[in-house]
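S.K.: Okay, so the sequence shown: first residue is 1 according to full-length UniProt numbering, each after it adds one.
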Amino acid sequence: MPVSEAATGPVAPADPTVRLTEQHTPPPGPAVPFATGPGPFATGPVPAPAPAPAAGREERRRGVSWKTLLVVALVTLLAGTTGGLVLMKQLGKNDKKDDRPVATRTVTVGPSPAGGGVGGDGGSQDRVSAPPSASASASAGAKTSASASAHQSGAPAGFTAVYTDRALSAPSNDYGFDLLNGKVVPTSVSDTLVRPSYDKLYVPDDFDRYLSKSDSLSPQECSDAIDKNPSASFPYGDLPPGRLICVRNRQSWGVAIMKITNVGNDGAVSLSLSYYRYNG
């Protein structure tokens, strides 16, 4: 077409106007390292990771280590234990002071006994009661022990005479000596009698025996001798005139002391009998 000729065809419409708006582009993020492996996208070495922030190091430095906490706990424990021991020791001293006996003062108001006051005047008197001494406590303990074991050994003041030196004679073994009542009764009445037999003086099994070789014998001596050296029997060969023998009841602990005066060939026995009741 020649240049001078004008275009006679339709003219294409102009492009629409686009309004540009200003936008802020954010700063670029941290670079993402590329893999260094044998993959298809590996392009080069991966850079070293960035160091941790300095603020994190400072926070860790300001924290308390476990060693410090352990030392503080040990010191606190030792201090508490020491304080407790000191407190217990002090309380123990106070308890000992409280346990000490305190002297009591007793004031008696009234007329004094004759010759008791200065110049014979009546008035008040002060009497101080001292605490019990160690010897008094020991004496009380000894009395208690003696009372508890009196039935086993026989206390010196534990016998009361029911009768003494009662002269009795059993004409034969058909009669025996009633120790509790101090008389001669037939053996058919009771089988708990000390009675003559053919070769010895028979004693029931519920009695312990002692054959004395001295000229005197008390109920306490009899009881002690039975505990130390009891006799098995009283054969006539060991019963000359004047011999002292004794028996002790195993249940009542009553003691009978007999002094042999005569032993006949026909079984007759004469003796002097004393009986003592045990008071325990």
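Glycine included, every Cβ here is placed at the ideal spot set by N, Cα and C.
#1: So what does DSSP say about Gly176, is it helix, strand or coil?
#2: Rounded to whole angstroms, what's the CA-CA distance from Gly237 to Phe159? Just pull it up for me.
#3: Is the region 209-219 touching the region 228-236, taking contact as three or more C-beta pairs under 8 Å?
#4: Whose CA, out of Leu74, Ile257, Ser223 and Ser218, lies closest to the CA of Leu179?
#5: Does the region 215-224 come close enough to the region 260-267 that 3 or more CB-CB pairs lie under 8 Å?
#6: May I ask which residues mark the beginning and end of the alpha helix (DSSP H) holding Lys228?
#7: Whole angstroms is fine: what's the gap from Ala148's alpha carbon to Asn279's?
#8: On the three-state DSSP scale, how would you describe Val203?
#9: CA-CA distance, Ser216 and Val189?
#10: From Ser270, Ser274, Ser169 and Pro241, pick the residue whose C-alpha is nearest to that of Arg248; which is it?
#11: From Asp205 to Ile245, what distance separates their C-alpha atoms?
#12: Taking the alpha-carbon of Tyr175 as reference, which of Asn181, Arg166, Val185 and Leu168 has the nearest alpha-carbon?
#13: Report the option in Trp253, Pro196 and Tyr276 whose CA atom is closest to the CA atom of Ala170.
#14: Whose C-beta lies closer than 7 Å to the C-beta of Leu271 among residues of the same chain, with five residues either side of it excluded?
#15: Please report how far the alpha carbon of Gly254 lies from the alpha carbon of Val269, in whole angstroms.
#16: Which of helix, strand or coil does DSSP assign to Lys183?
#17: Phe177 and Val162 - do their beta-carbons sit closer together than 8 Å?
#18: Within the same chain, show all residues whose beta-carbon is closer than 8 Å to that of Met88, passing over the 5 residues directly before and after it, in chain order.
#19: What span of residues does the beta strand (DSSP E) with Ala268 cover, start to end?
#20: So Leu244 is in the beta strand (DSSP E); what residue range does that whole segment cover?
#21: Assuming Asp199 contacts Pro235 under a Cβ cut-off of 8 Å, what Cβ separation, rounded to an integer in Å, is found between them?
#22: Going by DSSP in three states, Ser188 sits in which element: helix, strand or coil?
#23: If I follow the unbroken beta strand (DSSP E) through Leu168, where does it start and stop?
M.R.: Checking against the coordinates, here is how it stands:
#1: strand
#2: 31 Å
#3: yes
#4: Ile257
#5: no
#6: Pro219 to Lys228
#7: Summary for Ala148: the model assigns pLDDT 38, below 50, so the residue's position carries little reliability; its value from the coordinates is reported in the next sentence. Taking the straight line from one Cα to the other gives about 13 Å.
#8: coil
#9: Between Ser216 and Val189, the alpha-carbon positions lie close to 32 Å from each other.
#10: Looking only at Ser270, Ser274, Ser169 and Pro241, the smallest Cα-Cα distance to Arg248 is reached by Ser274.
#11: 16 Å
#12: Val185
#13: If you compare the alpha carbons of Trp253, Pro196 and Tyr276 with that of Ala170, the shortest gap goes to Pro196.
#14: Leu168, Met258, Lys259, Ile260 and Thr261
#15: 22 Å
#16: strand
#17: no
#18: none
#19: Counting along the chain, no beta strand (DSSP E) covers Ala268, and no H or E run does either.
#20: Leu244 to Asn249
#21: 6 Å
#22: coil
#23: Note, Leu168: beta strand (DSSP E), Phe159 to Ala170.
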